[in-house]
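Before any comments, here is the structure.
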Amino acid sequence: MPIQLIQGDITKIEVDAIVNAANSSLLGGGGVDGAIHRNGGPVILEECRKIRAKQGGCPTGEAVITTAGKLPAKYVIHTVGPVWTGGGNNEAVLLKNAYWNSLSLGREYNVHSMAFPNISTGIYGFPKAEAAEIAIDTTKAFLKDVNEMEIIFVCFDVENFDLYDQLIN
Ligand code: AR6
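In the UniProt record's numbering, the protein residues as written are 1 to 169.
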């Protein structure tokens with residue numbers, strides 16, 4: 001099955017790349033971003049700082065890649081989801097872009113297994129049901145033209161897990 005679902009902590013997952021729900025500064029934060037930097041160690045932040053120096057952060061919907069420090073994954077793909085402000089500010093398209101650009105960057109780096117958190121559905125407040133549909137639809141569309149890539153959605157909270165479970169299974 002190219003799309004899988006688990007409930008848990010993404011920092012523990014052994015895959016080629018895990019995706020981080022970062023912010024445009026790339027300097028870390030709370031939620032899954034905080035957990036990734038905390039558990040991965042300072043190497044990840046050092047690399048993020050270098051990317052910042054070169055390109056001045058990461059715009060919403062885009063993605064950048066670093067190594068994964070002490071985490072079991074090889075890479076961390078840092079993407080920036082939109083802040084939910086009611087739905088009238090292109091949030092759906094920006095969330096779709098975050099998934100699509102993360103997947104594309106993974107393919108560029110020859111990643112065969114990739115784990116996603118539920119981008120934007122925590123601190124950024126994106127409604128979970130709509131976000132789950134966007135995540136799954138975008139991933140399915142991407143995988144149409146890509147073989148040998150396994151995607152794991154890692155849901156931290158049970159509400160997201162149940163939503164994904166209904167959509168996938
Ligand atoms: N593993 C997997 N998922 C997790 C983990 C974890 N260890 N911890 C939290 N989640 P959030 P956002 C889930 O807030 O909404 C940061 O400060 C969480 O339950 O991490 O995109 C950044 O620096 C939720 O479903 O990210 C940005 O400033 C999902 O991850 C801002 O938060 C996303 O929640 C980004 O906000």
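Cβ coordinates follow ideal geometry from the N, Cα and C atoms, glycine included.
Would you mind stating whether residue i and residue j have Cβ atoms separated by less than 8 Å?
i                : j              : result
isoleucine 77    : alanine 63     : yes
isoleucine 44    : isoleucine 51  : no
leucine 105      : isoleucine 151 : no
glycine 40       : glycine 34     : no
alanine 73       : alanine 129    : no
phenylalanine 81 : leucine 71     : Correcting the residue type first, residue 81 is glycine in the shown sequence and not phenylalanine. No, they are not a contact pair.
asparagine 101   : glycine 61     : yes
alanine 132      : leucine 103    : no
serine 120       : valine 15      : no
So, under 8 Å CB-CB, residue i and residue j are touching, yes? Tell me the CB distance rounded to an integer number of Å.
i           : j             : result
valine 154  : isoleucine 6  : 6 Å
tyrosine 99 : alanine 68    : Not confirmed; about 19 Å, so no contact.
alanine 115 : isoleucine 10 : 6 Å
What separation, rounded to the nearest whole angstrom, lies between the Cα atoms of residue i and residue j?
i             : j                 : result
tryptophan 84 : aspartate 145     : 30 Å
valine 32     : asparagine 23     : 11 Å
alanine 89    : phenylalanine 126 : Note that residue 89 is asparagine in the sequence shown, not alanine. Taking the straight line from one Cα to the other gives about 12 Å.
glycine 8     : proline 59        : 28 Å
glycine 122   : phenylalanine 161 : 14 Å
arginine 49   : leucine 26        : 7 Å
asparagine 20 : phenylalanine 142 : 19 Å
tyrosine 109  : lysine 54         : 20 Å
glycine 30    : tyrosine 124      : 11 Å
tyrosine 75   : aspartate 165     : 26 Å
Consider the C-beta atom of residue i and the heavy atoms of the ligand AR6; say whether any pair is separated by less than 7 Å.
i                 : result
threonine 138     : no
alanine 22        : yes
alanine 35        : yes
valine 32         : yes
tyrosine 124      : yes
asparagine 89     : no
phenylalanine 156 : yes
asparagine 160    : yes
proline 117       : yes
threonine 121     : yes
aspartate 165     : no
threonine 11      : yes
glycine 41        : no
glycine 86        : no
glycine 29        : yes
glycine 57        : no
Of all Cβ atoms in chain B, is any one closer than 8 Å to the Cβ of residue i?
i         : result
valine 19 : The structure shown has no chain B; it contains just one protein chain.
Pick out whichever of the options has its Cα sitting closest to the Cα of residue i.
i             : options                       : result
leucine 167   : Lys12, Phe142, Phe116, Asp137 : Asp137
aspartate 157 : Asn118, Gly30, Val19          : Asn118
glutamate 148 : Gly30, Lys12, Arg107, Pro42   : Arg107
threonine 79  : Gly86, Thr139, Asn97          : Asn97
What do you reckon, is the C-beta of residue i under 7 Å from a heavy atom of the ligand ADP?
i           : result
tyrosine 99 : The ligand ADP is not part of the structure shown, which contains the ligand AR6 as its ligands.
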